[in-house]
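Trainee: Quick note, the sequences are listed as chains A and B, same order.
Heads up: the first sequence at position 245 corresponds to 245 in the UniProt record's numbering, and the numbers run straight through without jumps.
Heads up: the second sequence at position 374 corresponds to 374 in the UniProt record's numbering, and the numbers run straight through without jumps.
The beta carbon of each residue, even a glycine, is placed where N, CA and C say it ideally should be.
Keep in mind it's a predicted model, so treat the numbers as computed, not measured.
Protein chains: 2
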Amino acid sequence: MATGPDFASATASVSASDRVVISVDAMGGDRGPAAVVAGLADSMAQHPQMDAILHGDEAVVAPLVARHPILSGRCTLRHAPRVVTMEDKPAQVMRHGAGTSMWSTIDSVKDGEATVAVSCGNTGALMAVSMLRLRKLPGVNRPAIACLWPSRNPGGFNLMLDVGADVKAEADDLLQYATMGASYARNGMGLARPRIGLLNVGTEEHKGRAELKEAHDRMTAVAKVGSFDYVGFVEGGDLPSNRVDVIVTDGFTGNVALKTGEGTAKLISDFLRDAFGAGILSKFAALLAMNSLKRFQKRIDPRRVNGGVFLGLNGTVVKSHGAADATGVAAAIGLAYQLAQVRFIERLAARVASAEGAGQDAAQEAPGSDAGLGSSPTA
Amino acid sequence: MATGPDFASATASVSASDRVVISVDAMGGDRGPAAVVAGLADSMAQHPQMDAILHGDEAVVAPLVARHPILSGRCTLRHAPRVVTMEDKPAQVMRHGAGTSMWSTIDSVKDGEATVAVSCGNTGALMAVSMLRLRKLPGVNRPAIACLWPSRNPGGFNLMLDVGADVKAEADDLLQYATMGASYARNGMGLARPRIGLLNVGTEEHKGRAELKEAHDRMTAVAKVGSFDYVGFVEGGDLPSNRVDVIVTDGFTGNVALKTGEGTAKLISDFLRDAFGAGILSKFAALLAMNSLKRFQKRIDPRRVNGGVFLGLNGTVVKSHGAADATGVAAAIGLAYQLAQVRFIERLAARVASAEGAGQDAAQEAPGSDAGLGSSPTA
Chain A
1 MATGPDFASA TASVSASDRV VISVDAMGGD RGPAAVVAGL ADSMAQHPQM
51 DAILHGDEAV VAPLVARHPI LSGRCTLRHA PRVVTMEDKP AQVMRHGAGT
101 SMWSTIDSVK DGEATVAVSC GNTGALMAVS MLRLRKLPGV NRPAIACLWP
151 SRNPGGFNLM LDVGADVKAE ADDLLQYATM GASYARNGMG LARPRIGLLN
201 VGTEEHKGRA ELKEAHDRMT AVAKVGSFDY VGFVEGGDLP SNRVDVIVTD
251 GFTGNVALKT GEGTAKLISD FLRDAFGAGI LSKFAALLAM NSLKRFQKRI
301 DPRRVNGGVF LGLNGTVVKS HGAADATGVA AAIGLAYQLA QVRFIERLAA
351 RVASAEGAGQ DAAQEAPGSD AGLGSSPTA
Chain B
1 MATGPDFASA TASVSASDRV VISVDAMGGD RGPAAVVAGL ADSMAQHPQM
51 DAILHGDEAV VAPLVARHPI LSGRCTLRHA PRVVTMEDKP AQVMRHGAGT
101 SMWSTIDSVK DGEATVAVSC GNTGALMAVS MLRLRKLPGV NRPAIACLWP
151 SRNPGGFNLM LDVGADVKAE ADDLLQYATM GASYARNGMG LARPRIGLLN
201 VGTEEHKGRA ELKEAHDRMT AVAKVGSFDY VGFVEGGDLP SNRVDVIVTD
251 GFTGNVALKT GEGTAKLISD FLRDAFGAGI LSKFAALLAM NSLKRFQKRI
301 DPRRVNGGVF LGLNGTVVKS HGAADATGVA AAIGLAYQLA QVRFIERLAA
351 RVASAEGAGQ DAAQEAPGSD AGLGSSPTA
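(1) May I ask you to verify whether the stretch 217–233 of chain B touches the stretch 178–196 of chain A, counting CB pairs closer than 8 Å and requiring at least 3?
(2) Following the continuous beta strand (DSSP E) through residue 317 of chain A, name the residue where it begins and the one where it ends.
(3) Would you mind stating whether residue 124 of chain B and residue 90 of chain B have Cβ atoms separated by less than 7 Å?
(4) Does residue 201 of chain A get closer than 7 Å to chain B when you measure Cβ to Cβ?
(5) Straight-line CA distance for residue 217 of chain B to residue 82 of chain A?
(6) So what's residue 233 of chain B in DSSP terms, helix, strand or just coil?
(7) From the DSSP output, which residues share a beta bridge with residue 136 of chain A?
(8) Using a beta-carbon distance cut-off of less than 9 Å, what residues from the stretch 231–250 of chain A approach chain B?
(9) Along the beta strand (DSSP E) that carries residue 238 of chain A, what are the first and last residues, could you check?
(10) Any heavy atom of the ligand ADP within a distance shorter than 6 Å of the CB on residue 255 of chain A?
(11) Can you give me the start and stop residues for the alpha helix (DSSP H) that residue 96 of chain B sits inside?
(12) Going by beta carbon distance, what residues of the same chain come within less than 8 Å of residue 245 of chain B, once the five residues before and after it are set aside?
(13) Tell me, please, whether the CB atom of residue 268 of chain A is closer than 7 Å to any CB atom in chain B?
(14) How far does the alpha helix (DSSP H) with residue 187 of chain B in it extend, from its first residue to its last?
(15) Roughly how far, in whole angstroms, is the beta-carbon of residue 29 of chain A from the beta-carbon of residue 324 of chain A, given that I think they are within contact range, below 8 Å?
(16) Under 8 Å, with one C-beta from each stretch per pair, do the stretch 104–122 of chain B and the stretch 333–348 of chain B reach the 3-pair mark?
(17) Establish whether the CB of residue 439 of chain A and some CB of chain B are separated by less than 7 Å.
(18) Residue 170 of chain B CB to nearest chain A CB: under 7 Å?
(19) Alpha carbon to alpha carbon, how far is residue 70 of chain B from residue 315 of chain B?
(20) Any idea if residue 85 of chain B is buried or exposed, counting beta-carbon neighbours within 10 angstroms, 16 or more meaning buried?
(21) Looking at the secondary structure, which residues open and close the beta strand (DSSP E) in which residue 102 of chain B lies?
(22) Does the stretch 229–246 of chain A come close enough to the stretch 125–139 of chain B to have 3 or more Cβ pairs within less than 8 Å?
(23) In chain A, which residues lie with their C-beta within 7 Å of the C-beta of residue 208 of chain B?
(24) Taking its Cβ as the centre, do 16 or more other Cβ atoms sit within 10 Å of residue 55 of chain A, making it buried, or is it exposed?
(25) Taking one C-beta from the stretch 228–241 of chain A and one from the stretch 228–238 of chain B each time, how about it: are there three or more such pairs within less than 8 Å?
(26) What are the boundary residues of the beta strand (DSSP E) that includes residue 44 of chain A?
(27) May I ask which residues mark the beginning and end of the beta strand (DSSP E) holding residue 163 of chain A?
(28) Chain A partners of residue 259 of chain B, CB-CB under 7 Å?
(29) Roughly how many angstroms separate the alpha carbons of residue 353 of chain B and residue 143 of chain B, rounded to a whole number?
(30) So is residue 197 of chain A in contact with chain B if we call contact Cβ pairs under 7 Å?
(31) By alpha-carbon positions, which one of A:238, A:74, A:256 ends up nearest to residue 40 of chain A?
(32) Classify residue 216 of chain B as helix, strand or coil using the three-state DSSP reduction.
(33) Mapping the DSSP letters down to three states, classify residue 130 of chain B as helix, strand or coil.
(34) Going straight from the alpha carbon of residue 263 of chain A to that of residue 164 of chain B, what length do you get?
(35) Going by the beta-carbon positions, is the gap between residue 43 of chain B and residue 326 of chain B smaller than 7 Å?
(36) Who are the neighbours of residue 85 of chain B on chain A, taking C-beta pairs under 8 Å?
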C-alpha cells in the first residue's frame, strides 16, 4: 500500500489521483441542510484536495450549494427524495430506507465513488444501514463507534469505544475493540504504540463482571507481543487522564459515560456563566478574562471533536452529532478527510485480519503491519 | 411510628430522648483519623443534639479527640486495635474483620447503641461487613449505594442509585432501587412525590437491554398507583437535569457515570485554573472575579455532597469518600445525622414491606405510608 504520492501517474492526472472524495448526507441533522452545506464549505476551504458528493433533496440543497462559491466544481449533488428522521426505528429504515439521503450517502462508499461517509442523522439507523450496505469486515463480530474525549494527554484527547453501536460486548468483542481502537490511534491520532485500558469499576483484578476479567487476562497476554501497551483496568475518573490513550468498554456503558461527561461539562459551563453574570464587578472581570475564558471554552468545546467513527465495516462512516452547527459539521468532515487520506480502512482491515489469524497466539502477528506509518500518519 | 416528640417521656429525659447517636469509624480514610475527628467536631458544632461513638486505636485517637473541646462529654471512644486498608479484599474482611474499627462501627448500629454508621474506609469491605452484621431488609435482594449528584433541580441535587454495591441488577432489583430511592428522596430530600427515571442509552421505549425494558414496563404500571412519578428512560446527559429527581441504574453503570462526572468536573476545573493562570491580565481578572469563582466552585464542590448511603440493610450506613478532608467528613456525618433524625430506616423498611406485599398489584399499597412527612421531613 502506497502512502506517498503515486509517481507513475504524477504527470497527467496528479490532481485526480490525489483527490479525496467524501460522501456527505445533507439531511437528517437537527439544524437542517444549511448547517451541513456551510460546514462542508468550511472544510473544503481547509482541505484543497477534498471533493464531495452531497446527498439530499435537490430542490432544497441546490440553492444552499449555490451560496458557497468554494463548492463550485468540487461538489456533486445527488438527488435523494426521502429523509430518515430521528424518530425512525433502525429496523424500519433497513427495510424501507432505499431512496433516503442516508442510504444514498452510504452507497457512494459501497460503490467506491467516495472513500468515507459523513451523516448527522439518527445514529441507530445510520449504523443499521451501514451494516446492511457495507457489511462487517471479515472477522468482526460487533462493529463499534469510537469517539474522542478531552484529556490531559499531550495530544489533548483520548479515544473511547464502543460508545453505542451495541448495548453489550463479550470478551471477544472487547479484544476486537482494542485491536480496532489501537489501529485508529496509530492512523488517526499518530500514536505509534497506543496505551489501551479496559473500563471497570475499580483497578483491582478481582473487580467487575466476568467478561471483563476474561478480556483482562487475554489482553494482558496479547499485548506482550502485540502492537499496543495494555495498562489494565481504568475507572471513569481516568477517562480524561494521561494514563491511557484508548478506553475499551461495551456500548451501553460507553454511551452513558459519554453523555454523562458532556452533560457535566454543560452544567459546569452554565454554572460558570451564572457566576460571572452576577454583579457588575464580576461582569467587568469576565470582560477582562475574556481571552482566558475563550481559551478555556475552546479546550472543552464539543464541536471541535465532533464525529463518532464506525469501526469494523467495509468502509469508514463518520457520525456527526445531530445538533452540530457548521463548525461541528466541518470538524466531522475534516476527521473523515483525514481518515480517507491515510487509507485507514485498508490498514484497519489488515490489522483485524492479522489479529484474527493470530488468535490467542499473537506471536504470529507481523509487527509493524500498520505501524510503518510511525508518528506521522498523514505522511 | 412517631415523627413528633415523645410526650410521655418529655419531662424527665427530654435531652436524652432527643439525642441522636452516630457511630463513626475514625480509621481507614486516606487522610487518617485527624481529618475524621476534625470533621466530627465541625459537625457537632452544627448539630447540638448529636452524640457520637468513635471507633479506632485508642492510643492514636484519644489525643486527637482531646484537641477538640466540643467533643468532650458527647463523644465516646471505643477501642478497636485493627484497621481495614484500601487493599483488603471484602471476602477476607468478612472472615477476619472482627476487631477492626470498621466492624466495631457497624456493630454499634447492630446493637442499637447508635442509629447510623459513618466510615471513610474501603467501600467493598464496608458493604460486605454491613451485609454480614446488619443483614438485608426483609424483601430486599440487592442492597444499593445512593449518592447525590449536582443538578439544575430547585434543591440543587439529584439522587442516583446504585453507584457500586453490585455490578449487575435485574428488573426486580431496579424496581426495588426505585422504591428505596423514592423513600430516600421523600425523607432525605423533602420531595413529597419524587420523579424517577431509568438510565438508558436513549429515551425511546425500544432501546436498551432486556432487563431495562422489563423494568420500564413494570415501573410504568407501579407508578400509576405508587407514591412516585415515573418519567421513563433518561440518558447520561439528563443526570444533571431538572427532568428527574432519582436516577435508577445498575451498580456498574452508576459507578462509571459517577466517576466520569467527577473526572470531567476535575478536568474542567484544572483547565479553568490553567486559563486564568496564563497572563497578568488574566490573573488580575481572576482576582476581581474571586467571588464569582468561589460561588462557582462551591456549587460543584464534591465535598459538600460527600456521602454514599447504603440502602436495603437493617440499619443506615453512610460511606464517606476515602480522600475526604474535615469538610467532607462533616458533610457525611451531617447527612447521617439527618437520616437518623427522621428515622429513615423505619420508614424505608415500611415502604419496602409495602411494595413487597403489593408486588405487581400496586393497588394494595397504602398510599402515604411514609408520605405523611410531606415536604418537611425533619419536622
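Mentor: Considering the structure as presented:
(1) no
(2) Where residue 317 of chain A is concerned, the enclosing beta strand (DSSP E) stretches over 316–319.
(3) yes
(4) yes
(5) In a straight line, the C-alpha of residue 217 of chain B is about 34 Å away from that of residue 82 of chain A.
(6) strand
(7) Partner(s): A:313.
(8) 235, 236, 237, 238, 239, 240, 241, 249
(9) Careful: residue 238 of chain A lies outside any beta strand (DSSP E) and carries neither H nor E.
(10) Ligands in the displayed structure: none, and consequently the ligand ADP is not present.
(11) For residue 96 of chain B, the uninterrupted alpha helix (DSSP H) run begins and ends at 90–96, by DSSP.
(12) Cβ neighbours of residue 245 of chain B within its own chain (closer than 8 Å, five residues either side excluded): 153, 158, 159, 185, 189, 191, 194, 195, 196.
(13) Look at residue 268 of chain A: its C-beta is under 7 Å from a C-beta on chain B.
(14) 171–189
(15) 6 Å
(16) The stretch 104–122 of chain B vs the stretch 333–348 of chain B: in contact.
(17) Here chain A comprises residues numbered 1 to 379, so residue 439 of chain A is not present and cannot be evaluated.
(18) no
(19) Counting only the Cα atoms, residue 315 of chain B lies some 27 Å from residue 70 of chain B.
(20) exposed
(21) First-last for residue 102 of chain B: 101–110, but that is the alpha helix (DSSP H), not the beta strand (DSSP E).
(22) no
(23) 167
(24) buried
(25) The count of Cβ pairs closer than 8 Å, one atom from the stretch 228–241 of chain A and one from the stretch 228–238 of chain B, stays below three, leaving the stretches out of contact.
(26) No beta strand (DSSP E) holds residue 44 of chain A; the alpha helix (DSSP H) holding it covers 32–46.
(27) Element bounds for residue 163 of chain A: n/a, residue is neither H nor E.
(28) 235, 236, 237
(29) Across the structure, residue 353 of chain B and residue 143 of chain B are spaced so that their CA atoms are roughly 14 Å apart.
(30) No, its Cβ sits nowhere closer than 7 Å to a Cβ of chain B.
(31) Nearest to residue 40 of chain A by C-alpha distance, out of A:238, A:74, A:256, is A:74.
(32) helix
(33) helix
(34) Looking at the two C-alpha atoms, the distance is approximately 21 Å.
(35) Contact check for residue 43 of chain B against residue 326 of chain B fails: the beta carbons are separated by 7 Å or more.
(36) None at all; the shortest Cβ gap to chain A is about 12 Å.
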